[in-house]
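Trainee: Start counting the sequence shown at 1106; every next residue gets the next number (our numbering). Ideal Cβ placement from N, Cα and C applies to all residues, glycine included. On a predicted model such as this, the values are computed, not experimentally measured, just so you know.
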Amino acid sequence: MRKTFLGVLVFMSQLIFAQGIEVISTKALSLDGQGLILPKISPKGDCVLVTNSDMSGLKTLDLATGALTTISNERSAGVNAQFSADGSTVIYRKSEYKGRLRYSSVNSINLQSGESKQLIKPTRNLEGLAVKEGTVLAINNGKLVSKRVAGEKLKSTPAVPSIKNSQLYITVNGKTKQLSPNGTHVGYLWPSVSPDGTKLLYYVIDEAKAYVCNIDGSNPVSLGTLRAPVWMGNDWVVGMVDYDNGQVVTYSQIFAVSAQGTNRTALTNGSKICMYPSASADASKIVYTTQDGEIYLMNVATSK
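#1: Ignore the nearest five residues each way along the sequence and tell me which others in Ser1327's own chain have a CB closer than 7 Å to its CB.
#2: Check the C-beta distance from Ile1146 over to Lys1390 and give it rounded, since I have them as a contact under 8 Å.
#3: Please name the residue in Leu1273, Ser1299, Val1346, Ser1189 whose C-alpha comes closest to that of Lys1258.
#4: Quick check on the DSSP output: what are the complete beta strand (DSSP E) runs of length 3 or more inside the segment 1276–1363, in order along the chain?
#5: Could you check what DSSP says for Asn1404 in three-state terms: helix, strand or coil?
#6: What is the DSSP secondary structure of Arg1229, counted as helix, strand or coil?
#7: Assess, as a yes-or-no matter, whether the segment 1256–1276 is touched by the segment 1302–1312 under the definition of 3 or more beta carbon pairs within less than 8 Å.
#8: Relative to the C-alpha of Gly1357, which residue among Pro1382, Asp1167, Pro1296, Ser1177 is closest?
#9: Who are Pro1382's beta bridge partners in DSSP?
#10: Fully enclosed by the segment 1138–1168, which beta strand (DSSP E) runs are 3 residues long or longer?
#11: Please report the Cβ distance between Asp1340 and Ala1364, rounded to the nearest whole angstrom; I am assuming they are in contact, meaning their Cβ atoms lie under 8 Å.
#12: Among Thr1276, Ala1169, Pro1227, Met1160, which residue has its Cα nearest to the Cα of Lys1248?
#13: Here's the rule: buried if 16 or more other CB atoms are within 10 angstroms of the residue's CB, otherwise exposed. What is Thr1289?
#14: Taking C-alpha atoms, which residue in Val1405, Trp1336, Asn1404, Ile1400 lies nearest to Leu1134?
#15: Which of the three DSSP states is assigned to Glu1127 in this structure?
#16: If Ala1255 and Trp1295 are in contact, beta carbons under 8 Å, what's the gap, nearest whole angstrom?
#17: Going by DSSP, what residues sit across from Arg1205 in a beta bridge?
#18: Does DSSP put Pro1263 in a helix, a strand or coil?
#19: Taking Arg1369 as part of the beta strand (DSSP E), name the residues at either end of that continuous run.
#20: Does the Cβ-Cβ distance between Asp1151 and Ala1169 come in under 8 Å?
#21: Please state the DSSP three-state secondary structure of Phe1110.
#22: State buried or exposed for Leu1410, treating a residue as buried only when at least 16 other CB atoms are found within 10 Å of its CB.
#23: Do you know how far the Cα of Asn1185 is from the Cα of Ser1130?
Quick look at the structure:
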C-alpha cells in the first residue's frame, strides 16, 4: 500500500514538473520612435497590432519587414482590437458621443484591400465581442449578433462571454445567461473562451485574481494575481502582476500560469514595467508593452 501511495506521488510530481515554460529570446521592436501600447500579435505570429497611448487609431507592424502601417485613426480603436484567424482582417470598436452618451460600433478592416466596414451600428449596449475564425460574434443588449468577415462559415456557434453591470454572462446557442462563478457580490472583467471552446478565463476585480472554469461556470480554479489575462493556447494563460501608488503603475511583470493553476512562471525580471501581454495561437510568441511605450517580442517554448 505504501509503495502504491509513493508511486502515485512520484507520478503526480512528474506531471507537474513536466508542465513548464521557457523564455528563448526577447527583443525590442522598432517603432520609429513612436510610443505605442496594447500590442496584439496575429494568430500566425507574423504581425503585431498596436495603438496610440490614448488608445486612438491602429497600426500594424510587419515582423518580417519592420514596416509600420496606419490602418485607422478612429477614437478608441485600440480597445480590444482583434485579428481574424487567418490574420487578413482586424476587428475593432469605434466610440462616438451623442450629447454626453457614448455609443460603440464594431468595424472591420481588410489588411490587403484596406476596405473598412461597419458590422454593428453604434449602440449603448455592446457587452461582449469575440472573433472565431473569420466570424465576429458580438453581444448587444444580451443578444448575439454574428457577422462573417473572412474565411468559411462556422460549422457551429461557439460560446461568447460578456459583461453587464460588472457581472459575467455567457451566450450559448444564442441564449444568454448569467454565470458569475464567484458570486454576484464581486465584479468581473476580461472574460475569454479558450481556443478549444471548453474553458472560460476571467478576472475577479474584488480579489485581483484570474480564474479558469468550465464553460458552464463550474469548477473555478484560481490562477492567483494576474491582471489583463489572455489565453496562450489551451494550456496556458499569460497576464501581468502590477502595483501602483494610487496614481501611476510603479512595478509590473509578465507572468505565465498553467490553466490548471499548478505552474506559475515570471517571464520578465522586473527591470522594466511590462504590461498587457498578447500571445500567438501556437503559444510560441508573446508581445507586451512597457510603461515607456516600447513593444517587446518574446519567443517561448512550452510543455504540457
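Mentor: Based on what the coordinates show:
#1: Lys1314, Tyr1316, Gly1366
#2: 6 Å
#3: Ser1189
#4: 1280–1283, 1293–1298, 1304–1309, 1314–1319, 1326–1329, 1332–1337, 1341–1349, 1354–1363
#5: strand
#6: coil
#7: yes
#8: Rather than Gly, the amino acid found at residue 1357 in this sequence is Ser. Looking at the Cα atoms, Pro1382 is the closest of the given residues.
#9: Answer is none; Pro1382 lacks a bridge partner.
#10: 1141–1146, 1152–1157, 1163–1167
#11: 5 Å
#12: Thr1276
#13: exposed
#14: Ile1400
#15: strand
#16: No, Ala1255 and Trp1295 are not in contact; Cβ-Cβ is about 25 Å, not under 8 Å.
#17: None, per the DSSP bridge assignment.
#18: coil
#19: 1369–1371
#20: yes
#21: Reliability of the predicted coordinates at Phe1110 is poor, the pLDDT of 41 falling under 50, and the value obtained from them is presented with this limitation in mind. The answer is helix: DSSP assigns Phe1110 an H, G or I state.
#22: Any question about residue 1410 goes unanswered here, given that the chain covers just 1106 to 1409.
#23: 26 Å
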